[in-house]
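Residue numbers (this note's numbering): 127 to 995. Let me begin by presenting the structure, written as structure tokens, before commenting on it.
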């Protein structure tokens, strides 16, 4: 950017000389244009020396000589001073101030054709400021304006457009300016996960400019982001993350692709971009746990001392990159220690590596000083917070606390930093064994700020999009863990703390679904259930690091009760995996009872003993708000030693009570839609039971609309969902639930309807003000193998369908298992107005259980999700 400023000054001077109004041979100091030019030069020199505050004062002085401008040259001088001022504000991370200054220049650029290049550059800079402010549609629209394409293309809430191909066809041979704008669009869309659109832009540009360094850099960054998403998805499938993870790693072909692009850049790029690509390569190698290659790159001479990386006039984006490099240095030590521990043949604790972390601290401290001199409080806070993080990892807790406090003091205008440093401070205090009363308010404030930011997490911190499991979920669980420890001197946990813990778990459910759909939380209506039926209890089993906590809401009691079991959350996850494996295999009913009994004792035994020992309670329905990994198994299969839980209670699963609208059930169901695929096609095996289901539902519900096999195309399915007031939807096709929305789908004859598209269809149905679906039945479905969070897809579909209740199976049932028996019974019982849905579901499942008591694979997989009344 410094080069651009000098070019602007040079062009401005030439315009004065050749524009018909050249300066006198002996200009007087009182000449405002000469004075302005001198002040502009002085401001640039001050910035180059790191004196950004002085540079701002100087350039503001230059504006006083041009207020108001009276000639064309004075207008051009004003534009140049404002351009410099905007850059200086941007350097301080004062993005709103920078944007307002650049917006002030734009009318002049628009009316002066010879300044078209500066009009374009100014639009790019406004777009970057809007991105930093979280205004993605405005950023996108500015970039389209820079391409002279602002109308009729409209940017959506994520800053993307519908007609990308239509846009690209207008640039058969993009100019340098057009290439820059398209690359900026690509980078914007990369940050919000629109990878297909990014690839389409890059394919277009790379065909004509295969050796353009900026295109190669964008290709590398795209591959790295795709690798981040793939790695985070694989990690998420492994279950709950109880501790924050700053150095995640995992193999991905995308990382290899990114590393190849970065190496290509090193051969053709200028020095600045060459260093940038080397730093990215190190990060990519560490992400793949290629520690030897990463260390070799770190040890190259030009990357060692911080003074070779940062200078007083380094821009914020460059300094932030160097902070990420400091994080990589810290991760190098962590991975070295981790590998050494894994390779050790003894149980002796290995000493922590500190060599590269010490360099990381030195580099972060250097960046802190530069940011301070530039007046960039946000970057200074980042640098101090990173130092606190490094000291925390080294268990140098006093230094960790002090630097974190300094970072916190500078973060009041940066909530996306404030919640992180508050959380870091709370973790440090816990490690220092400080009293609960001192730590709890810090967690509370961090949590509140995070909740307020949740809509814009992707905007403020791209990492959160990929690393929700590593970077955000542990905050919720740590806070709940602390809330569910009584204050010293008290035997019981205070009721306000129990209710807060319940609310946090509800918010965690909302955040998981929010993250699943990669949308803001406004798409989920939040409800409150103030009272329960006399026969219903709500249970919140919460997996914590060292125990399981169970919060229970009894009917006609305002207060919650708390139970706990001294079994580690990770151990419960192991029991769940073992039980799920046994349930889905034939001939394992004894093992199912054994595993189901173990889980029953650790989660439900104390609660149900209290219920049975209280003669005033007449409970027949249990509603579970389950941790995601607990949703892998049907609660129906838990075993008390004599009976399965479904034999004793009606059971329903709620994704979260805030997501369930209290509903009075309809007395009968009259209109239904049956969607089925029974024949084999190129993508799917046949489903022999589908036609049996069809005849069954038409027998029970004569007013059933049927779309079978070739009739079930995406258009027909979408039309029925959007336009037909059906009360019951029975979908008898292949369906898969996964924690990845791209792998969660319902199959139709010639393709798949994925989670995001289903969400859009059901939202359109709601917009048509059609009555909600009373019951959605997903037959022939299964959960993704080895994905401990797969039922997040089921919860997402159940929530977004708007259905009051959803019935699904957790694994695919064999054709000869006669699952139609369950469906027939369910539809018979569901028409009985004396039964709730949960009770009708219980009767149907128990009938199937009693017919096939040893065939758990056949009777156990069914779950009722949503409204149970």
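A virtual CB, placed ideally from N, CA and C, is assigned to each residue, including glycine.
Item	Value
Which value, in whole angstroms, describes the spacing of the CA atoms of residue 991 and residue 373?	36 angstroms
Using a Cβ-Cβ cutoff of less than 8 angstroms, which residues in the same chain neighbour residue 360 once the five nearest sequence positions on both sides are dropped?	376
Alpha carbons only, please: which of 853, 935, 209 is nearest the one belonging to residue 181?	209
Mark residue 851 as exposed unless 16 or more other C-beta atoms lie within 10 angstroms of its C-beta, in which case mark it buried.	exposed
Taking C-beta to C-beta, are residue 854 and residue 884 nearer than 8 angstroms?	no
Measuring alpha carbon to alpha carbon, tell me which residue in 298, 314, 357, 415 is nearest residue 329.	298
Using alpha carbons as the reference points, say which of 501, 487, 279, 521 lies closest to residue 511.	487
Restricting to Cα atoms, I'd like to know which of 745, 889, 936 is closest to residue 929.	889
Reducing DSSP to helix, strand and coil, say where residue 893 ends up.	helix
For residue 987, count neighbouring C-beta atoms within 10 Å of its own C-beta (all shown protein chains included) and say buried if the count is 16 or more, exposed if not.	buried
What separation, rounded to the nearest whole angstrom, lies between the Cα atoms of residue 927 and residue 904?	12 angstroms
Let's test the definition: count the other Cβ atoms within 10 Å of the Cβ of residue 529 and tell me whether it reaches 16, buried, or not, exposed.	buried
By Cβ distance, which residues of its chain are closer than 6 angstroms to residue 536, with the 5 residues on each side in sequence left out?	503, 506, 507
Among the candidates 243, 218, 256, 217, whose CA atom is the shortest distance from the CA of residue 229?	256
Consult DSSP for residue 178 and reduce its assignment to one of helix, strand or coil.	helix
Output yes or no for whether 8 angstroms exceeds the beta carbon distance between residue 321 and residue 356.	no
How should residue 628 be labelled, buried or exposed, when 16 other C-beta atoms within 10 angstroms of its C-beta is the threshold for buried?	buried
Provide the residue span of the beta strand (DSSP E) that contains residue 506, from first to last.	Premise fails: residue 506 lies in the alpha helix (DSSP H), 503-519, not in any beta strand (DSSP E).
Quick one: give me the first and last residue of the beta strand (DSSP E) that residue 908 is part of.	901-909
Can you list, in chain order, the residues of its chain whose CB lies under 7 angstroms from that of residue 910, leaving out five sequence neighbours each side?	862, 863, 864, 869, 916
Provide the residue span of the beta strand (DSSP E) that contains residue 668, from first to last.	662-669
Out of 749, 609, 820, which has the shortest C-alpha to C-alpha gap to residue 783?	749
Can you find at least 3 beta carbon pairs, one from the segment 156-163 and one from the segment 418-426, that sit closer than 8 angstroms?	no
How is residue 598 classed by DSSP in three states: helix, strand or coil?	coil
So, are the CB atoms of residue 338 and residue 290 less than 8 angstroms apart?	no
Over what stretch of residues does the beta strand (DSSP E) that includes residue 689 continue unbroken?	686-691
What are the partner residues of residue 856, as DSSP defines its beta bridges?	800, 903
Count the other CB atoms within 10 Å of the CB of residue 196; is the residue buried (16 or more) or exposed (fewer)?	exposed
On a Cα-Cα basis, can you pick out the residue from 844, 982, 414 that is closest to residue 715?	982
Going by DSSP, name the residue or residues bridged to residue 750.	665, 779
Answer with buried or exposed for residue 280, where buried requires no fewer than 16 other C-beta atoms within 10 angstroms of its C-beta.	exposed
For a quick check, are the C-beta atoms of residue 294 and residue 271 less than 8 angstroms apart?	no
Helix, strand or coil, according to DSSP, for residue 878 in the structure here?	strand
Which value, in whole angstroms, describes the spacing of the CA atoms of residue 761 and residue 698?	14 angstroms
Using only the alpha-carbon positions, how far apart do residue 476 and residue 519 sit?	Unreliable placement is indicated for residue 476, whose pLDDT of 44 sits below 50; no coordinate value is reported for it.
Would you mind stating whether residue 283 and residue 266 have Cβ atoms separated by less than 8 angstroms?	no
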